[in-house]
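Numbering (this note's numbering), first residue to last: 72 to 253. Reading through the C-alpha cells given below for one structure.
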Ligand SMILES: NC(=O)c1ccc[n+]([C@@H]2O[C@H](COP(=O)([O-])OP(=O)(O)OC[C@H]3O[C@@H](n4cnc5c(N)ncnc54)[C@H](OP(=O)(O)O)[C@@H]3O)[C@@H](O)[C@H]2O)c1
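If you want it as C-alpha cells, here you go:
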C-alpha cells in the first residue's frame with residue numbers, strides 16, 4: 072500500500088470537490104472520492120492517477136440517506152485505509168419560498184449539508200486526534216453570514232457549517248488536528 076497521506080473528498084464528482092481533489096492529488100495525497108455519480112468518480116480517479124501517480128479510489132454513495140456516513144466509514148475500514156484529511160464538500164441548495172417547498176428536498180439538503188458532514192466528522196476526527204495529526208475542511212459559504220430569504224434552508228445549513236467548524240477548531244486546539252471552514 073502507498074505511503075502517501077490520504078484525503079477523503081465528498082462531492083468529488085464535479086464542481087469544487089473535483090477541483091479540491093485535483094489540488095490534493097497534485098500535492099501527493101492518495102484519495103477516496105465520494106459522490107453518487109460513479110462514472111464521474113471513476114473518470115476522475117483515472118485522470119488523477121495518470122496525472123499525479125497517486126492512488127485514488129471511488130466510493131459511490133448517496134449522502135442524503137440516513138447513516139450514509141457509516142457506509143463511508145465501513146468502506147474506509149474495509150479497505151484498510153487511514154484518512155489524514157477529510158473534505159466535507161458535498162452539498163446543494165434550492166430556491167423558493169419555504170412554505171411551498173418540496174419537503175423531501177429540504178430534508179435531503181439538511182441531511183447532506185449538515186448531518187452527513189457532522190457524522191463524517193464524528194467518525195473520522197477521533198483517529199486523527201489519536202494520531203495527533205489530521206485536518207478537516209468543511210465547505211461553508213458567504214451564505215453563512217446572513218439569513219437567506221428564498222434559500223432559507225441552504226443559508227441555514229451553511230451557517231451551521233461555519234458555527235460548527237469554528238467551535239470544533241477551538242475544541243481541537245493543541246491536538247494536532249485542524250478544522251477549517253471554507
Ligand atoms: N459553487 C459555489 O459558488 C459555492 C459557493 C459557496 C459554497 N459552495 C459549497 O461548495 C460545495 C460544492 O459546491 P459546487 O458548486 O461545487 O456544487 P456542485 O457543482 O453542484 O457539486 C456538488 C457535489 O456534491 C455532490 N452531491 C450532491 N448531492 C449529493 C448526495 N446526495 N450524496 C453525495 N454527493 C452529493 C455532487 O455529486 P453527485 O451529484 O454525483 O452525487 C457533486 O459532486 C457545496 O457544499 C456548496 O454549498 C459552493
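Just so it is clear, CB atoms sit at the ideal spot from N, CA and C, and this is done for glycine as well. Values in this document were obtained by computation on a predicted structure and should not be read as measured data.
- Around the beta carbon of residue 228, a 10 Å sphere encloses 16 or more other beta carbons of the protein chains shown; the residue is thus reported as buried.
- Only exposed fits residue 245, as fewer than 16 other CB atoms lie within 10 angstroms of its CB.
- Judged by DSSP in its simplified three-state form, residue 206 adopts strand.
- For the pair residue 77 and residue 195, the Cα-to-Cα distance works out to about 12 Å.
- Residue 123 is classed as buried because its beta carbon has at least 16 other beta carbons within 10 Å across all chains shown.
- In the DSSP assignment, the residues bridged to residue 101 are 77.
- Per DSSP, residue 130 is one residue of the beta strand (DSSP E) stretching across 127-131.
- Residue environment analysis places residue 201 among the exposed positions, since fewer than 16 neighbouring C-beta atoms fall within 10 angstroms of its C-beta.
- 192 is the residue among 128, 248 and 192 whose C-alpha sits nearest the C-alpha of residue 232.
- Under the 10 Å beta carbon count, residue 205 is surrounded by 16 or more other beta carbons and is classified as buried.
- Within a 10 Å sphere around the beta-carbon of residue 151 sit fewer than 16 other beta-carbons, which makes this residue exposed.
- Straight across, the Cα-Cα distance linking residue 125 with residue 252 is about 26 Å.
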